[in-house]
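Trainee: What follows is a single structure, and I will ask about it in a moment.
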Amino acid sequence: MTTDEKVELAMKIGGQLVGITASEWSKWSTYATRYGLSKALRLAQTMKDSSSLRPGPKQSYRTIAEVVRRLQRDLEKLPHSDLSEVLGYVRWALFTRGS
């Protein structure tokens, strides 16, 4: 996958992450990079229903879970290094839009 394709995928993901801050995404994507996409998706599923989180973070995890689930097949096909790079570009996209 070329850098342009990675950035394009990241922008597609970032465009769907309405209301998510770069910080919230960064926490989740660090976990995904370290433990894998499937495990990170399960974390988002668990956290969106957690009674210990405030409504804002719960909504962030709900949105992350929905968006990642929709693109899961495409993301799982990526080698680990490409996935990590795409997730980083998503953070950049969220940061630059001012979320």
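In my numbering, the protein residues as written are 63 to 161. Ideal Cβ positions, reconstructed from N, Cα and C, are used throughout, including at glycine. Quantities reported herein were computed from a predicted structural model and do not represent experimental measurements.
1. Give the straight-line distance between the Cα atoms of E86 and E67, rounded to the nearest whole angstrom.
2. Is the separation between the beta-carbon of A127 and that of A94 shorter than 8 Å?
3. With a Cβ-Cβ cutoff of 8 Å, do A72 and V152 count as a contact?
4. Rounded C-beta distance between V148 and L156? I'm assuming under 8 Å.
Mentor: Well, looking at it:
1. What you label residue 86 is simply residue 24 of the sequence shown in a count that begins at 1. What you label residue 67 is simply residue 5 of the sequence shown in a count that begins at 1. Across the structure, E86 and E67 are spaced so that their CA atoms are roughly 24 Å apart.
2. Here residue 127 corresponds to residue number 65 of the sequence shown, with the count starting at 1. Here residue 94 corresponds to residue number 32 of the sequence shown, with the count starting at 1. No, the Cβ-Cβ distance between A127 and A94 is not below 8 Å.
3. As a first step, residue 72 must be located in the sequence shown, where it is residue number 10. As a first step, residue 152 must be located in the sequence shown, where it is residue number 90. Contact flag set, yes.
4. Mapped onto the sequence shown, residue 148 falls at position 86. Mapped onto the sequence shown, residue 156 falls at position 94. Approximately 13 Å separates the beta-carbon atoms of V148 and L156; this is outside 8 Å, ruling out the contact.
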